[in-house]
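Reminder that position 181 of the sequence shown reads as 180 in numbering that gives the first Met the number 0, one-by-one numbering, no gaps. For glycine and all other residues, C-beta sits at the position ideal for the given N, C-alpha and C. For reference, the structure discussed in these notes is given below.
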Amino acid sequence: MTSVRGFVRENGLGLAFGSAFLVALAGQAVAGHAEFNNELTADGLQPMGFGAYLASSDFAVDVMENWQSEYLQFYLYLYLYLTVWLVQRGSPESKALGREGHESDEEQRIGRYATADSPRWAGVGGFRQNLYATSLGLVMGGVFVLSWFAQSITGVAAFNERRLRGLEAPTNWGGYLGSADFWSRTLQNWQSEFLAIASMAVLSIYLRQRGSPESKPVGAPHAATGVAG
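Given below as structure tokens:
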């Protein structure tokens, strides 16, 4: 029992958000199923079972369009130099002024500066070290590309299903990529992600949340940059 409590305590943040994700996904499935069946009924068609809805392109595209926007946020933030080379004076989301760039091997504790408890690839040098040094951004970017591709595949299937119900001719994948439906689904999520990042970076200059690593200490000056509470 003690080991279980210890595991929960040490992994509380991941467990809490993982559980919240599953609850929200289940809620989305239930609400989405009801909404989808309302549309079918309005079109004079038979309602779809819950299991069939979970396997449908309509449910999948709604999930994928949100996943790709979230992973785009982290990909841009981590990998495309937005937080490597750009700074925001006074924000704990930014590195300290003057520390733009990849930083030295000593600061990053890689190569001959790696310690006994450093990850093994941090001290090996060469390709493996370079790969590990960008691995988080690469994985985030890979998940973004795959989820965006999945959104396009499930999106064209859902789009064509709606067109067929309206007795309209279906479109192919290439045509769907240039459609208003695809870009509306995509950009409505992107704009919210960009706004959320900008809001966090700027509001955290002047506002505080005591005890949070995403906030500066309550008494820290507004101009303090790269300082976490």
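Reduced DSSP category for residue i - H, G, I as helix; E, B as strand; rest coil
{"i": "residue 199", "result": "helix"}
{"i": "residue 109", "result": "coil"}
{"i": "residue 221", "result": "coil"}
{"i": "residue 186", "result": "helix"}
{"i": "residue 226", "result": "coil"}
{"i": "residue 166", "result": "coil"}
{"i": "residue 206", "result": "coil"}
{"i": "residue 42", "result": "coil"}
{"i": "residue 10", "result": "coil"}
Cβ-heavy atom distance, residue i to the ligand COA, below 7 Å
{"i": "residue 54", "result": "No copy of the ligand COA appears in this structure; indeed no ligand is present at all."}
Proximity of residue i and residue j at Cβ, strictly below 8 Å
{"i": "residue 131", "j": "residue 121", "result": "yes"}
{"i": "residue 42", "j": "residue 207", "result": "no"}
{"i": "residue 150", "j": "residue 67", "result": "yes"}
{"i": "residue 224", "j": "residue 135", "result": "no"}
{"i": "residue 192", "j": "residue 69", "result": "yes"}
{"i": "residue 178", "j": "residue 170", "result": "yes"}
{"i": "residue 226", "j": "residue 215", "result": "yes"}
{"i": "residue 14", "j": "residue 7", "result": "yes"}
Sequence-distant residues of its chain with Cβ nearer than 6 Å to residue i (five each side left out)
{"i": "residue 155", "result": "172, 175"}
{"i": "residue 110", "result": "104, 124"}
Spatial neighbours of residue i in its chain, beta-carbon cut-off 7 Å, leaving aside the 5 residues before and after
{"i": "residue 221", "result": "89, 204, 205"}
{"i": "residue 143", "result": "67, 70, 71, 74"}
Contacting residues, own chain, Cβ-Cβ under 8 Å from residue i (five flanking each side not counted)
{"i": "residue 26", "result": "none"}
{"i": "residue 45", "result": "39"}
{"i": "residue 28", "result": "49, 52, 53, 58"}
Whole-number beta carbon distance between residue j and residue i, since they are thought to touch under 8 Å
{"i": "residue 101", "j": "residue 83", "result": "7 Å"}
{"i": "residue 86", "j": "residue 105", "result": "Their Cβ separation, rounded to whole angstroms, is 21 Å, which puts residue 86 and residue 105 out of contact at 8 Å."}
{"i": "residue 153", "j": "residue 63", "result": "6 Å"}
Within the segment 47-83, ranges of the alpha helix (DSSP H) (whole runs, at least 4 residues) | 49-53, 56-77
Continuous alpha helix (DSSP H) assignments of at least 4 residues falling wholly in the segment 80-155 = 104-107, 125-132
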